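Undergrad:
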Amino acid sequence: MNFLAGLNQASSYVFAFVVMLGVLIFVHELGHFLAAKACGIRVLKFSLGFGSPIGFGRFRMRWVRGYTEYVVSWIPLGGFVKMLGENPGDEESPDARANPSEAMNTKPMWQKLVVVFAGPAMNLLLPVLIFSGILAVGLPQADAVIGEVEPGSPAAASGLQPGDRITAIDGVPVGWWRQVDEELNSRNTGELSVRYERDDVEATARVAIEPRQRQDVFGDVSSVGWVGLDHWRTRAMLGLTDRQSHAYRAGLRSGDLATAVNGAPVEDWLGFAQAYRDAGAGEVQLEIQRELDSDERVNVTVPALGDVAALGVIRANVFISKVTEDSPAERAGLLSGDLILSVDGVPMHSFETFAQVVRASEGRDLELVVARDGELIELAVVPILAQVDVPGLEVTVPRYRMGVMGNNLLAVSGSIGFEQVLNPLVAVPRALGLTVDITRVFLKGLGKLITGEVSRDQIAGPIGIAEIAGKALERGWLDYLQTLILISINLGILNLLPIPILDGGQAVVFLVEGIRRAPLSLRTREFVQQIGVAVLLMLMGFAFWNDMSRIVTRNWDRVVGWLNG
Numbered sequence: 007m008n009f010l011a012g013l014n015q016a017s018s019y020v021f022a023f024v025v026m027l028g029v030l031i032f033v034h035e036l037g038h039f040l041a042a043k044a045c046g047i048r049v050l051k052f053s054l055g056f057g058s059p060i061g062f063g064r065f066r067m068r069w070v071r072g073y074t075e076y077v078v079s080w081i082p083l084g085g086f087v088k089m090l091g092e093n094p095g096d097e098e099s100p101d102a103r104a105n106p107s108e109a110m111n112t113k114p115m116w117q118k119l120v121v122v123f124a125g126p127a128m129n130l131l132l133p134v135l136i137f138s139g140i141l142a143v144g145l146p147q148a149d150a151v152i153g154e155v156e157p158g159s160p161a162a163a164s165g166l167q168p169g170d171r172i173t174a175i176d177g178v179p180v181g182w183w184r185q186v187d188e189e190l191n192s193r194n195t196g197e198l199s200v201r202y203e204r205d206d207v208e209a210t211a212r213v214a215i216e217p218r219q220r221q222d223v224f225g226d227v228s229s230v231g232w233v234g235l236d237h238w239r240t241r242a243m244l245g246l247t248d249r250q251s252h253a254y255r256a257g258l259r260s261g262d263l264a265t266a267v268n269g270a271p272v273e274d275w276l277g278f279a280q281a282y283r284d285a286g287a288g289e290v291q292l293e294i295q296r297e298l299d300s301d302e303r304v305n306v307t308v309p310a311l312g313d314v315a316a317l318g319v320i321r322a323n324v325f326i327s328k329v330t331e332d333s334p335a336e337r338a339g340l341l342s343g344d345l346i347l348s349v350d351g352v353p354m355h356s357f358e359t360f361a362q363v364v365r366a367s368e369g370r371d372l373e374l375v376v377a378r379d380g381e382l383i384e385l386a387v388v389p390i391l392a393q394v395d396v397p398g399l400e401v402t403v404p405r406y407r408m409g410v411m412g413n414n415l416l417a418v419s420g421s422i423g424f425e426q427v428l429n430p431l432v433a434v435p436r437a438l439g440l441t442v443d444i445t446r447v448f449l450k451g452l453g454k455l456i457t458g459e460v461s462r463d464q465i466a467g468p469i470g471i472a473e474i475a476g477k478a479l480e481r482g483w484l485d486y487l488q489t490l491i492l493i494s495i496n497l498g499i500l501n502l503l504p505i506p507i508l509d510g511g512q513a514v515v516f517l518v519e520g521i522r523r524a525p526l527s528l529r530t531r532e533f534v535q536q537i538g539v540a541v542l543l544m545l546m547g548f549a550f551w552n553d554m555s556r557i558v559t560r561n562w563d564r565v566v567g568w569l570n571g
């Protein structure tokens, strides 16, 4: 059964990889093809893949139209457009030799560069088209509705509450939460005016901005504005700090998840606190889920005291679900089930705030106050620099870590809207902006890869890309398209690198010939191409080694068992 499941997964990964690679190669080579046609260059062959055409006998995926041969070949790891006069010394057909004005080597330099850069340009244009299409179909987006206000934050002091819909910040209209984040992160001092709606009544709040150190996906620290607002809500996980409290004596423990109050379901902490407050006098029956990955429930009866604080319950903001083996947290004595209350005397009101403190610690001692089984203890932990996976980018970057994990099942989605942009004058600029943002992140990552700040072990080959594509397809078509966009941008940028046989290297050759005012000799061209092939083979070998190393690492126990018989 496991073999069949593995085979099925492998086939789905291959399908996702071949489709994605086919689209990317077709778009890239189509750019060269269309640019060559526009410049009057005769195209002799348009091939997707390498090797012989797919098919058998006379039935093969090969067509001839005019002077161009169109081929879909067996090996789907690339493609090419062969143009008349592209490589001096190539033997052309008699018909091709009869039209020297259509040869690429007779064209002015600007036309040669247009043809060369058209392939990468198409790879960079494809994300714009895909994003525009996604926006036209419609995209679920986080509404500008407050999910939570962190206690003790500037937002809490200003009177903002969960459920308020933000309509403008300092006079700038906002409709989606990403716009709220952009406005807040763009400044880190002073005060801002927040226009919001509550129960169909508009009001304005003045909110002070606090500077916070935040790390980007590559671990670089920058100062951003923070006011304590979040779009997500948190489920009602309970924290207990006193063994003498009513909650502890009733049998509640830190980590318990309240799912219902007197039989009425509650979705998040605020709903739980409100339901308990409205329960009246007498006793209140709480439905508790002890294991987040289990459907089992237990009922606990507690006194109705009107407020969860009087009951002795707080929200478990930083509840530790797992401690990594041999981590700084384990060595310091932290345990699964601990509740972190403060770091260096500063209360921790969210796991994200706690994570940011750890990432910005730069390895200094952190003094923690922890609630464990209803008692408070103090611990000192020294975070260490470790390689951390970056979701969505399939790379690892160095970050300070303590070695503890929360539980992502606690997050409850906030208000979600549906953004649909049918007007191309609005959709295309938006799509272009999204593409530019991703390209900027990729260029930054490429620079860190070259300097060694990002491990080169993260370079993926065909196996790694197939795995990335397959996992994206498993998550859904939207994730698959977003992965296609990321890889398309990668392909476009990497093809611009000045490596011989890549588009960037070909452009360098044309520029050198332009400066010399004479073509390079056939021998020189062959030597340059051999260098390019050698470089690419080394990179492909390195990437393949990384792919195999990851597979062996993930399956090491099975490998050892197989070797031991």
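If you're matching positions, the sequence shown starts at 7 in my numbering and goes up one per residue. Idealized CB from N, CA, C, for every residue including glycine. Nothing here was measured: the structure is a model prediction, and the numbers come from that model.
1) Using a 10 Å radius around the Cβ and a threshold of 16 neighbouring Cβ atoms, would you call residue 536 buried or exposed?
2) Please state if the CB of residue 347 and the CB of residue 326 are separated by a distance shorter than 9 Å.
3) What are the residues that DSSP puts in a beta bridge with residue 572?
4) Within this structure, are the beta carbons of residue 192 and residue 231 separated by less than 9 Å?
5) For residue 337, report the span of its alpha helix (DSSP H) as first-last.
6) How big is the Cα-Cα spacing for residue 59 and residue 72?
7) Taking only runs of the alpha helix (DSSP H) that begin and end inside the stretch 231-300, which ones reach a length of at least 4 residues, in chain order?
8) Tell me whether residue 173 sits in a helix, a strand or coil according to DSSP, three-state version.
9) Does the structure place the stretch 320-336 close enough to the stretch 125-138 that three or more beta carbon pairs sit under 8 Å?
10) Out of 150, 379, 89 and 242, which one is the CA nearest neighbour of residue 171?
11) Keeping to the same chain, check which residues put their C-beta closer than 7 Å to that of residue 254; ignore five residues upstream and five downstream.
12) I'd like to confirm the pairing. Which residues does DSSP put opposite residue 325 in its beta bridges?
13) Leaving out five residues on either side along the sequence, give the residues of the same chain with a beta carbon under 6 Å from the beta carbon of residue 1.
14) May I ask you to report which of helix, strand or coil DSSP gives residue 22?
15) Rounded to whole angstroms, what's the CA-CA distance from residue 415 to residue 298? Just pull it up for me.
16) Could you tell me the distance, in whole angstroms, from the CA atom of residue 203 to the CA atom of residue 154?
17) Out of 432, 392 and 91, which has the shortest C-alpha to C-alpha gap to residue 369?
18) Counting along the chain, where does the beta strand (DSSP E) carrying residue 199 start and finish?
19) Could you give the distance in angstroms between the alpha-carbon of residue 57 and the alpha-carbon of residue 63?
20) Can you name the start and end residues of the alpha helix (DSSP H) that residue 512 belongs to?
21) For residue 115, does the count of other Cβ atoms within 10 angstroms reach 16, so buried, or fall short, so exposed?
22) My understanding is that residue 418 touches residue 303, with C-beta atoms under 8 Å, so please give their C-beta distance in whole angstroms.
23) From residue 282 to residue 352, what distance separates their C-alpha atoms?
24) Under 8 Å, with one C-beta from each stretch per pair, do the stretch 510-521 and the stretch 471-478 reach the 3-pair mark?
25) Taking its Cβ as the centre, do 16 or more other Cβ atoms sit within 10 Å of residue 439, making it buried, or is it exposed?
26) For residue 86 and residue 35, which I take to be in contact (beta-carbon distance under 8 Å), what is that distance rounded to the nearest angstrom?
27) From the DSSP output, which residues share a beta bridge with residue 182?
28) Name the DSSP bridge partner or partners of residue 493?
29) In terms of residue numbering, what span does the beta strand (DSSP E) encompassing residue 214 cover?
30) Out of 385, 411, 315 and 112, which one is the CA nearest neighbour of residue 374?
31) Throw me the rounded Cβ distance for the residue 260 and residue 190 pair, which I believe falls under 8 Å.
32) What distance in whole Å lies between the Cβ atoms of residue 51 and residue 75, which are believed to be in contact at a cut-off of 8 Å?
33) For residue 129, does the count of other Cβ atoms within 10 angstroms reach 16, so buried, or fall short, so exposed?
34) Does DSSP classify residue 107 as helix, strand or coil?
35) Give me the residue from 519, 372 and 314 with the minimum Cα distance to residue 243.
36) State the CB to CB distance for the pair residue 321 and residue 141, rounded to an integer number of angstroms; the pair is presumed to be in contact (CB under 8 Å).
TA: In brief:
1) Here residue 536 refers to the residue found at position 530 when the sequence shown is read from its first residue. It counts as exposed.
2) In the sequence shown, counting from the first residue as 1, residue 326 sits at position 320. In the sequence shown, counting from the first residue as 1, residue 347 sits at position 341. In this structure, residue 326 keeps its C-beta atom at 9 Å or more from the C-beta atom of residue 347.
3) Here the chain comprises residues numbered 7 to 571, so residue 572 is not present and cannot be evaluated.
4) Residue 192 sits at position 186 when you count from the first residue of the sequence shown. Residue 231 sits at position 225 when you count from the first residue of the sequence shown. Yes.
5) Within the sequence shown, numbered from 1, the residue matching residue 337 stands at position 331. Note, residue 337: alpha helix (DSSP H), 334-338.
6) Here residue 59 is taken as the residue at index 53 of the sequence shown, counted from 1. Here residue 72 is taken as the residue at index 66 of the sequence shown, counted from 1. Whole-angstrom Cα-Cα distance: 19 Å.
7) 252-256 and 275-283
8) Position 167 of the sequence shown, counting from 1, holds the residue named residue 173. Strand.
9) no
10) Position 165 of the sequence shown, counting from 1, holds the residue named residue 171. Here the closest residue by C-alpha is 150.
11) Within the sequence shown, the letter at position 248 stands for residue 254. Hits under 7 Å: 246, 248, 318 and 380.
12) Indexing the sequence shown from 1 puts residue 325 at position 319. 345.
13) As displayed, the chain neither begins before 7 nor continues past 571, which places residue 1 out of reach and without an answer.
14) Start at 1 with the first residue of the sequence shown, and residue 22 comes out as number 16. Note: residue 22 maps to helix in three-state DSSP.
15) Here residue 415 refers to the residue found at position 409 of the sequence shown. Here residue 298 refers to the residue found at position 292 of the sequence shown. Their Cα atoms are separated by approximately 7 Å.
16) Here residue 203 corresponds to residue number 197 of the sequence shown, with the count starting at 1. Here residue 154 corresponds to residue number 148 of the sequence shown, with the count starting at 1. Roughly 15 Å between the two C-alpha positions.
17) As a working note, residue 369 is residue 363 in the sequence shown. Of the candidates 432, 392 and 91, the one whose C-alpha sits nearest the C-alpha of residue 369 is 392.
18) What you label residue 199 is simply residue 193 of the sequence shown in a count that begins at 1. Note, residue 199: beta strand (DSSP E), 197-204.
19) Here the question's residue 57 lines up with position 51 in the sequence shown. Here the question's residue 63 lines up with position 57 in the sequence shown. Their backbone Cα atoms lie some 15 Å apart in a straight line.
20) Along the sequence shown, one-based indexing puts residue 512 at 506. Where residue 512 is concerned, the enclosing alpha helix (DSSP H) stretches over 509-522.
21) Counted from its first residue, the sequence shown places residue 115 at position 109. So residue 115 counts as exposed.
22) Counted from its first residue, the sequence shown places residue 418 at position 412. Counted from its first residue, the sequence shown places residue 303 at position 297. Contact doesn't hold; Cβ gap of about 18 Å is too wide.
23) The residue given as residue 282 occupies position 276 in the sequence shown. The residue given as residue 352 occupies position 346 in the sequence shown. C-alpha separation (whole angstroms): 28 Å.
24) no
25) For the purposes of this step, residue 439 is taken as residue 433 along the sequence shown, with counting starting at 1. By the 10 Å Cβ count, residue 439 comes out exposed.
26) Mapped onto the sequence shown, residue 86 falls at position 80. Mapped onto the sequence shown, residue 35 falls at position 29. Their Cβ separation, rounded to whole angstroms, is 7 Å, which keeps residue 86 and residue 35 in contact under 8 Å.
27) Working through the sequence shown from its first residue, we reach residue 182 at position 176. The bridge partners DSSP lists for residue 182 are 149.
28) Along the sequence shown, read from residue 1 onward, the residue named residue 493 stands at position 487. Partner(s): none; residue 493 has no beta bridge.
29) Position 208 of the sequence shown, counted from the start, is the residue given in the question as residue 214. First-last of the beta strand (DSSP E) with residue 214: 207-214.
30) Counting from one through the sequence shown, the residue named residue 374 turns up at place 368. Taking only the C-alpha atoms, the option nearest residue 374 is 385.
31) Within the sequence shown, residue 260 is the residue found at index 254, counting from 1. Within the sequence shown, residue 190 is the residue found at index 184, counting from 1. Their Cβ separation, rounded to whole angstroms, is 32 Å, which puts residue 260 and residue 190 out of contact at 8 Å.
32) In the sequence shown, counting from the first residue as 1, residue 75 sits at position 69. In the sequence shown, counting from the first residue as 1, residue 51 sits at position 45. Between residue 75 and residue 51 a beta carbon distance of about 5 Å is seen, short of the 8 Å cut, so the two are scored as contacting.
33) Along the sequence shown, one-based indexing puts residue 129 at 123. A buried status is given to residue 129, since no fewer than 16 other beta-carbon atoms sit within 10 Å of its beta-carbon.
34) Position 101 of the sequence shown, counted from the first residue, corresponds to residue 107. Correct three-state label for residue 107: helix.
35) To locate residue 243, count along the sequence shown from 1; it is residue 237. It is 314.
36) Mapped onto the sequence shown, residue 321 falls at position 315. Mapped onto the sequence shown, residue 141 falls at position 135. So it is not a contact: roughly 37 Å between Cβ atoms.
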